[in-house]
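In mature numbering (1 follows the signal peptide of the UniProt record, and there is no 0), the protein residues as written are -19 to -1, 1 to 119.
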């Protein structure tokens, strides 16, 4: 049973990382004042598709912001990072989006900012792969 758990753990945790290692894709998210810079860079041999299905915490590429209002109320916002459903990022190209978050912090403070990049590509055998990458701004 332990061996089965280890195999399942390896498949779900390490396999997506190995798939993208072959693609050589960088994903970063950074904050510059009231703006968040969301960036996907493709250094691989093929194109990758940045996917946005339905914007929620489970699927698609998105930006998540948690704010704390002066009255102590916690507010969560899920923001899109794309203006179309699929964006093709060719070899050597990047997708950069700057998102203004000033309207979410006029009277409160930002508790958490995180982002997800949902990428799809074809591997060496021509199989379709979907990989989810996550980043958080401390």
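Note that CB positions come from ideal geometry on N, CA and C, so glycine has one too.
This one's a predicted model, so the numbers in the text were calculated from it and none came from an experiment.
Which one of 65, 66, 63, 46 has the shortest CA to CA distance from residue 57? Position 76 of the chain shown, counting from 1, holds the residue named residue 57. Residue 46 is the option with its Cα nearest to residue 57.
Helix, strand or coil at residue 75 [DSSP, three-state]: Within the chain shown, numbered from 1, the residue matching residue 75 stands at position 94. Residue 75: strand per DSSP, three-state reduction.
Check whether the Cβ atoms of residue 96 and residue 10 lie closer than 8 Å to each other. Walking along the chain shown from the start, residue 96 turns up at place 115. Walking along the chain shown from the start, residue 10 turns up at place 29. Contact flag set, yes.
Residues near residue 69 by beta carbon distance below 7 Å, same chain, minus five either side: Here the question's residue 69 lines up with position 88 in the chain shown. Around residue 69: 28, 30.
By the three-class DSSP mapping on this structure, what secondary structure does residue 108 have? In the chain shown, the residue the question calls residue 108 occupies position 127. Coil, per DSSP.
Terminal residues of the continuous beta strand (DSSP E) containing residue 84? Here the question's residue 84 lines up with position 103 in the chain shown. Counting along the chain, no beta strand (DSSP E) covers residue 84, and no H or E run does either.
Spatial neighbours of residue 19 within its chain, please: C-beta separation below 6 Å, excluding the five flanking residues on both sides. Position 38 of the chain shown, counted from the start, is the residue given in the question as residue 19. Only 10, 62, 78, 96 meet the Cβ criterion.
If you follow the beta strand (DSSP E) that residue 16 is part of, which residue opens it and which one closes it? Within the chain shown, the letter at position 35 stands for residue 16. Run containing residue 16: 16 to 23, per the beta strand (DSSP E) assignment.
Start and end of the beta strand (DSSP E) containing residue 7? Position 26 of the chain shown, counted from the first residue, corresponds to residue 7. For residue 7, the enclosing beta strand (DSSP E) begins and ends at 6 to 13.
Per DSSP, what kind of secondary structure is residue 50 in: helix, strand or coil? As a position in the chain shown, residue 50 is number 69, starting the count at 1. Under the three-state reduction of DSSP output, residue 50 falls in the coil class, being neither helix nor strand.
Would you identify the three-state DSSP class for residue 119, choosing helix, strand or coil? Position 138 of the chain shown, counted from the start, is the residue given in the question as residue 119. In the three-state reduction of the DSSP assignment, residue 119 falls in the coil class, being assigned neither a helical nor a strand state.
Residue 86 versus residue 48: straight-line alpha-carbon distance, rounded: Residue 86 sits at position 105 when you count from the first residue of the chain shown. Residue 48 sits at position 67 when you count from the first residue of the chain shown. Rounded to whole angstroms, residue 86 to residue 48 spans 7 Å at the Cα level.
Looking only at DSSP bridge pairs, what is residue 29 linked to? For the purposes of this step, residue 29 is taken as the residue at position 48 of the chain shown. Its beta-bridge partners are 70.
With DSSP as the reference, label residue 62 as helix, strand or coil. Residue numbering aside, residue 62 sits at position 81 when the chain shown is read from its first letter. Here residue 62 sits in coil by DSSP.
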